[in-house]
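For reference, the structure discussed in these notes is given below.
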Amino acid sequence: MSDAIRVDGLLDLKATLQSGQAFRWSRDGEWYEGVIFGNLVRLRRTPEGVEFTSFPEPEDAFKDRLADYLGLSDDLDAIYRSIGVDEHVKAAIERYPGMRILRQEPWECVVSFICSAWSNVRRVSTTVESLSAKFGEPIATNGTMRSAFPTPEQLAATDEQAMRLLGLGFRAKYIPASAKLVAEGRVNLLALREAPFEEALDAVMSLPGIGDKVANCIMLFSLVQRSAFPVDLWIRRVLSDMYLGEAGQKMSVPKVRVWAQEYFGPYAGYANHYLFHDWRNAGKRS
DNA sequence: TTCCAGGTCCGGC
DNA sequence: GCCGGACCTGGA
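Residue numbering for the first sequence follows our numbering, beginning at 307 and increasing consecutively.
This is how it looks when you write it as structure tokens:
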């Protein structure tokens, strides 16, 4: 049986689920299939909102967590008014109205973005699926076979060599090391949702394999820190082209980030993701 | 074959 | 603090 979530504001499922912030969603016609909170989830947009199925948890028990995951409580109108004062962001918003920032599970987000270092979206997706299949709890259905994302404890029990066998390369040693710190409670990820930006940044960056860029991805996509601003190669180029000029290429990552946070304001992270997604799709438009 | 992909870490000024 | 180089792997 399926259930439904009513959506009053804008929601673009494709742009939200397949814009490089999450890595386990695939599209099959109008349906999207993924694994979140240990459940196999299928969902599609309807005129009234979102129709979905979940397994193994019954839909009525899963509904609220899915709505929260999709970021439906974010006030997009207010966010657009805030960041839309920038003409480039405004143009991107007009091309992808309803793209939302998700509220992912922090641990999965940590590992996914450690894997993303000097890599690409497709390869990260492959790696995340391999990690789940090998170390996560299987979700037995009569259809496709998928697994929950492995817990910190499950990954803390692995080692660098096991990670290298999955093709993680130089990122291999960071996963078990970070898993141990989280499993031991040295870093309480969920608690950082309530922490001030700088405090959360320091805590996330204390995990091995996580620098300023990856930490900001984790904070933006899973810790509900909407002012977080990941500065990657491409965002640096975009900002240099638009505002910073030649100097932008020479500024350190934290300096570019702080500039962007002051310029775009409390929803800088939303501005970042719109610019990033718009840039990624620029080639497909022209 | 050569080059590059959503960086991080380490050692030297 | 800032700067340069090394680092795994897979696809074009």
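Glycine included, C-beta positions come from ideal geometry on N, C-alpha and C.
Anticipated Cβ contact below 8 Å, residue i with residue j, distance rounded
i: glutamine 460; j: phenylalanine 441; result: 5 Å
i: proline 484; j: proline 456; result: Sequence inspection shows serine at residue 484; the proline mentioned does not correspond to that position. With a Cβ gap of about 12 Å, serine 484 and proline 456 do not count as contacting.
i: glutamine 531; j: isoleucine 407; result: Wrong, their Cβ atoms sit about 10 Å apart, outside the cutoff.
i: glutamate 466; j: lysine 479; result: 4 Å
i: methionine 511; j: histidine 394; result: Actually they are not in contact, since the Cβ atoms of methionine 511 and histidine 394 sit about 29 Å apart, beyond 8 Å.
i: serine 307; j: glutamate 365; result: The residue asked about is misnamed: residue 307 is methionine in this sequence, not serine. About 7 Å; that satisfies the 8 Å criterion.
Top-ranked residue by Cα proximity to residue i, from the options
i: phenylalanine 358; options: Ala321, Asp381, Arg401, Asp309; result: Asp309
i: leucine 472; options: Gly326, Phe368, Ser431, Tyr576; result: Ser431
i: isoleucine 524; options: Trp565, Arg409, Arg351; result: Arg409
i: alanine 367; options: Ile311, Ala321, Lys561, Leu539; result: Ile311
i: valine 347; options: Glu354, Gly575, Ser332; result: Ser332
i: proline 458; options: Met451, Thr450, Gly449, Glu443; result: Glu443
i: glycine 517; options: Gln324, Trp424, Thr352; result: Trp424
i: arginine 499; options: Pro353, Arg429, Trp413, Leu550; result: Trp413
i: glycine 575; options: Ile385, Glu400, Val544, Lys556; result: Ile385
i: serine 422; options: Ile399, Leu550, Leu539; result: Leu539
i: aspartate 374; options: Asp584, Val313, Glu336; result: Val313
Through-space distance from residue j to residue i, alpha-carbon basis
i: glutamate 363; j: methionine 469; result: 30 Å
i: glycine 315; j: tyrosine 402; result: 14 Å
i: alanine 506; j: glutamate 568; result: 18 Å
i: glycine 344; j: glutamate 411; result: 10 Å
i: valine 537; j: lysine 519; result: 5 Å
i: tyrosine 338; j: serine 453; result: 16 Å
i: aspartate 381; j: serine 558; result: 32 Å
i: glycine 340; j: arginine 350; result: 12 Å
i: alanine 599; j: tryptophan 565; result: The chain is shown only over 307 to 592; residue 599 falls outside these bounds and no answer can be derived.
i: aspartate 370; j: glutamate 435; result: 25 Å
i: alanine 397; j: serine 388; result: 14 Å
i: isoleucine 342; j: valine 356; result: 16 Å
i: tyrosine 573; j: threonine 322; result: 16 Å
i: isoleucine 420; j: asparagine 522; result: 12 Å
i: leucine 545; j: proline 560; result: 14 Å
i: threonine 450; j: alanine 439; result: 12 Å
i: aspartate 392; j: aspartate 383; result: 15 Å
i: leucine 550; j: isoleucine 399; result: 22 Å
i: alanine 588; j: tyrosine 580; result: 12 Å
i: serine 379; j: serine 325; result: 19 Å
i: lysine 556; j: lysine 320; result: 35 Å
i: aspartate 334; j: arginine 429; result: 20 Å
i: glutamate 336; j: glutamate 490; result: 41 Å
i: threonine 464; j: threonine 352; result: 42 Å
Short Cβ contact (9 Å threshold) for residue i with residue j
i: aspartate 318; j: glycine 404; result: yes
i: valine 416; j: leucine 437; result: no
i: alanine 534; j: phenylalanine 570; result: no
i: arginine 372; j: serine 360; result: Looking at the sequence provided, one finds leucine at residue 372 rather than arginine. Cβ distance < 9 Å, so leucine 372 and serine 360 count as in contact.
i: alanine 509; j: proline 482; result: no
i: leucine 526; j: asparagine 578; result: yes
i: arginine 542; j: valine 562; result: yes
i: leucine 495; j: threonine 433; result: no
i: valine 427; j: phenylalanine 329; result: yes
* Give, in chain order, every unbroken run of the beta strand (DSSP E) that is at least 3 residues long and sits entirely within the region 332-404. => 332-334, 337-342, 345-351, 355-361
* Contained alpha helix (DSSP H) runs [length at least 4] in the region 432-484, N- to C-terminal order -> Those alpha helix (DSSP H) runs which fall completely within the region 432-484 and span 4+ residues are 458-462, 466-471.
* Asked: In chain order, which alpha helix (DSSP H) runs of at least 4 residues are fully inside the region 501-564?
  -> 503-511, 518-528, 539-545, 552-556
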